[in-house]
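Before any comments, here is the structure.
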Amino acid sequence: MHFGKLRNAYRWIGFKSEVLGRRESIMNVRKAVCQEIIERMPQFGGTAKPLPENCQLRINDQLTVAVVGGRTSPAYARHNHNQWRFGYRSHRKPDILIVARIDCGSTRVRDYFLLPFIFLPGGSWLTVSGINYRRLDRFRMDSLAPLYDLCARKSLQAMP
Amino acid sequence: MTCTREETRSEMRRRRALAANTAIRKTDTACARTANTVNRARIVLADPAFTEILRTQGVQALPRPLTANENHAQTIDGNLALAKECLNEVSLEFVIAWTFFYPLFGNPVIAAHLNNAWPGFIPELKDTFIELVVEGPFPHAMSGHRGRRHATRYHSGVRP
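Read top to bottom, the protein sequences are chains C and A. If you use my numbering, the first sequence corresponds to residues 1101 to 1260, in order. If you use my numbering, the second sequence corresponds to residues 104 to 263, in order.
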């Protein structure tokens, strides 16, 4: 019997874990962000299609975008430490990485970081706190509107 | 000759200052170069002859941030302070420019027109991309203790 994921196997035998639940809720948020992009891109003259990889999209058949969740560990959240982590290891490197920051215990996105993947340093995890905040602050946005503006298309027929 | 501890320290201080200066200069160069390349891509896309060729070759739409009407970065050209200020926009727009233009270079008609009308544009775009991939836009600024110190100085504008 195939379970698809180990997480599914645990769930089927009734195992409940806070960690797995948190991961699942982050994954749901990522999927919701992807769905929102797919639905809204046509309004800006573009297209967005899901890719087989986890939460990756192909925008305008040119740009690969990955959506990841930025989270803070429960221990940091308890002590009110403003430290966030997100992973960006991927077999297929995206062009743009969207980091949706999600508060611990919440299912709502606090804000987004829109990062050009090629500019990220080597490694697979980035901790966002202290000085990293200052470095990445310019890439922070409250909504996905700047992404839509960035990926918007202008029809050549409409041009003089 | 005996080298005293004080002499060694002073030599190391001198080397660190030199390395920090070099890193800042490299960062400035990468920043200005990226801004200039994005600007050049805008100018190329504003050329009616080029858009006409794109139309005949089946391209149906242009990236809106790079079309001349939406241009808000013309003044960046040659203005390093502004380029640094708009680093986030410039870097994201560079990703858009790269993903739009790079597939077009494989089209002989488009490549020939670019080489004739805009000589140097194709190598410039490729070189900027390679430079960014190799060095990143924040050379020495995203990893390690020294990198963090460099980033602090760079963003605060303090010269060593």
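Even for Gly, the Cβ is constructed at its ideal location relative to N, Cα and C.
Beta-carbon proximity list for residue i, same chain, < 8 Å, skipping 5 on both sides
i: E1136/C; result: L1244
i: A1132/C; result: none
i: L1194/C; result: Here residue 1194/C is Pro; the residue named in the question, Leu, does not match the sequence. Q1156, T1164, V1165, A1166 and F1217, listed in sequence order.
i: E1153/C; result: A1166, S1190, H1191 and R1192
i: T1207/C; result: S1125, N1128 and V1129
i: H216/A; result: A152, F153 and I156
i: K1254/C; result: G1145
i: I1138/C; result: A1148, K1149, P1150 and L1157
Sequence-distant residues of the same chain with beta carbon closer than 6 Å to residue i, five excluded per side
i: V141/A; result: V193, E196, F197 and A200
i: R1111/C; result: none
Proximity to residue i [Cα-Cα], best of the options
i: W1184/C; options: H1191/C, R1192/C, A1175/C and S1190/C; result: A1175/C
i: L190/A; options: H1179/C, F1239/C, R1192/C and C1204/C; result: F1239/C
i: P222/A; options: R143/A, A120/A and R112/A; result: R143/A
i: Y1248/C; options: T159/A, R167/A, T137/A and T231/A; result: R167/A
i: A1252/C; options: T1147/C, M1241/C, S1117/C and C1134/C; result: T1147/C
i: L1214/C; options: E1118/C, G1205/C, L1236/C and D1203/C; result: L1236/C
i: C1204/C; options: L1197/C, G1170/C, G1187/C and I1138/C; result: G1170/C
i: L235/A; options: C134/A, A120/A, T159/A and T107/A; result: C134/A
i: Q160/A; options: V212/A, F224/A and A220/A; result: V212/A
i: L1197/C; options: V1209/C, H1179/C and V1168/C; result: V1168/C
For residue i: DSSP bridge partner residues
i: D1211/C; result: R1201/C
i: L1157/C; result: P1150/C and V1165/C
i: R1253/C; result: P166/A
i: M1241/C; result: Y1212/C
i: F203/A; result: Answer is none; F203/A lacks a bridge partner.
Contacts around residue i, its chain only, beta-carbon distance under 7 Å, and the 5 residues preceding and following it disregarded
i: P1142/C; result: none
i: D1211/C; result: R1201, R1240, M1241 and D1242
i: T170/A; result: L148
i: K1149/C; result: L1157 and R1158
i: N210/A; result: Q160
**Message:** If the cut-off is 9 Å on Cβ atoms, which residues from the segment 188 to 199 of chain A count as contacting chain C, listed in chain order?
**Reply:** In summary, the residues of the segment 188 to 199 of chain A whose CB is separated from some CB of chain C by less than 9 Å are E188, C189, L190, N191, E192, S194, L195, E196, F197, V198 and I199, in the order they occur in the chain.
**Prompt:** Quick one, which residues of the segment 1204 to 1216 of chain C are near chain A if we go by CB-CB under 7 Å, in chain order?
**Reply:** The residues in question are L1214 and P1216.
**Asked** Does the pairing of the segment 204 to 212 of chain A with the segment 118 to 136 of chain A give three or more beta-carbon distances under 8 Å?
**Response** Contact fails: fewer than three Cβ-Cβ distances are below 8 Å.
**Item:** Positions along the segment 155 to 173 of chain A whose CB lies within less than 7 Å of some CB in chain C
**Value:** Per Cβ criterion, the list reads L157, R158, V162, Q163, A164, L165, P166, R167, P168 and T170.
**Request:** Would you list, in chain order, the members of the segment 1129 to 1155 of chain C that have their beta-carbon closer than 9 Å to a beta-carbon of chain A?
**Result:** For chain A, the residues of the segment 1129 to 1155 of chain C that bring a beta carbon within less than 9 Å of one of its beta carbons are F1144, G1145 and G1146, in chain order.
**Prompt:** Mind listing which residues of the segment 1154 to 1186 of chain C have their C-beta closer than 7 Å to chain A's C-betas, in chain order?
**Reply:** The segment 1154 to 1186 of chain C vs chain A, Cβ under 7 Å: Q1162 and L1163.
**Prompt:** Residues in the segment 1189 to 1201 of chain C with C-beta within 9 Å of chain A's C-beta atoms, listed in sequence order?
**Reply:** Those residues of the segment 1189 to 1201 of chain C that come within reach of chain A (Cβ to Cβ, closer than 9 Å) are D1195 and I1196.
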